[in-house]
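Participant: Respectively, the protein sequence lines represent chains A and B. In terms of our numbering, the first sequence opens at residue 1 and continues consecutively. In terms of our numbering, the second sequence opens at residue 1001 and continues consecutively. I have a structure I would like to understand better, so I am pasting it below and will then ask my questions one at a time.
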Amino acid sequence: MNIFRLAGDMTHLVSVLVLLLKIHTIKSCAGISLKTQELYALVFTTRYLDLFTDYISLYNTVMKLIFLGSSFSIVWYIRRHKIVRRSYDKDQDTFRHYFIVLPCLVLALLIHHKFTFKEVMWTFSLYLEAVAILPQLVLLQRTRNIDNLTGQYVFLLGAYRALYILNWIYRHYTEPHYVHWITWIAGIVQTLLYADFFYYYFQSWKNNVKLQLPA
Amino acid sequence: DEQPVTKDEL
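Shown next as structure tokens:
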């Protein structure tokens, strides 16, 4: 465990807890894309298939349970909670799941480390995580109202993957094993997707104006 | 061949 990975995991943890807290306290999911949240639940499900088979560390197991629990709780709140669901903007959050899931699945079937179920699912989860934010970014562009918590949520989510890239650089130089190129590419693509959001987020923060994304 | 290192990551 190195500082970059720990910082990345903590940033990721804070991002999902910020979102869960926002939805739980103000009982609203305005500006949040259910599609993205469902894709994240799928990412964690396909990523953590080894949760009960391979024990790596207490930290690893606890964090996996937290990520699974929080992502499914967020989906439940937006879908089922009698108050929260009313603030869900389903007319604007129209990104089709299969436009993202199918290409990632095909890609994982074509490009992977080993052709085993767990390995293909793990690779699928890497590709899916890289693009799962798209429905959320599309929704932000459409609704143009980015409240602070949603802005912070997307920012933290991007920051966590950027920290993971630093972690892979560090591990590349300090550990005998290697970081597979699939991990590199999926992680870099994911971080690049946030790049323009980061640009507008810093602009709004620097000029102390409300965050606006160009249409 | 060596195992990829990222299997212990989240």
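Using N, Cα and C, we set each Cβ at its ideal position, and we do this for glycine too. Note that the coordinates shown come from a computational prediction; the quantities given were computed from them, not determined experimentally.
Step through the CB atoms of chain B and report whether any lies within less than 9 Å of the CB of F117 (chain A).
Facilitator: Interface flag for F117 (chain A) against chain B is unset, since no Cβ pair is found closer than 9 Å.
Participant: Strictly below 7 Å CB to CB, what residues from chain B border I56 (chain A)?
Facilitator: D1008
Participant: What residues match up with Y178 (chain A) in a beta bridge as DSSP calls it?
Facilitator: B:P1004
Participant: Using the Cα positions of P103 (chain A) and A186 (chain A), report the straight-line distance between them to the nearest angstrom.
Facilitator: C-alpha of P103 (chain A) to C-alpha of A186 (chain A): approximately 13 Å in a straight line.
Participant: By how many angstroms is the C-alpha of Q141 (chain A) removed from the C-alpha of P214 (chain A)?
Facilitator: 7 Å
Participant: At a cut-off of 8 Å, would you count S204 (chain A) as near the ligand GTP, judging by its Cβ distance to the nearest heavy atom?
Facilitator: Within the structure as shown, the ligand GTP is missing, as the structure has no ligands at all.
Participant: With a Cβ-Cβ cutoff of 9 Å, do S71 (chain A) and Q92 (chain A) count as a contact?
Facilitator: no
Participant: What are the uninterrupted segments assigned as alpha helix (DSSP H) that are 4 or more residues long and contained completely in the region 14 to 91 of chain A, given in chain order?
Facilitator: 34 to 47 and 58 to 80
Participant: Do the region 117 to 124 of chain A and the region 161 to 168 of chain A make contact, defined as three or more Cβ pairs closer than 8 Å?
Facilitator: When C-beta atoms of the region 117 to 124 of chain A are compared with those of the region 161 to 168 of chain A, fewer than three pairs fall below 8 Å, so the two segments do not count as touching.
Participant: Considering Cα atoms alone, identify which of A:R79, A:F197, A:L68 and A:H81 is closest to R144 (chain A).
Facilitator: Nearest to R144 (chain A) by alpha-carbon distance, out of A:R79, A:F197, A:L68 and A:H81, is A:F197.
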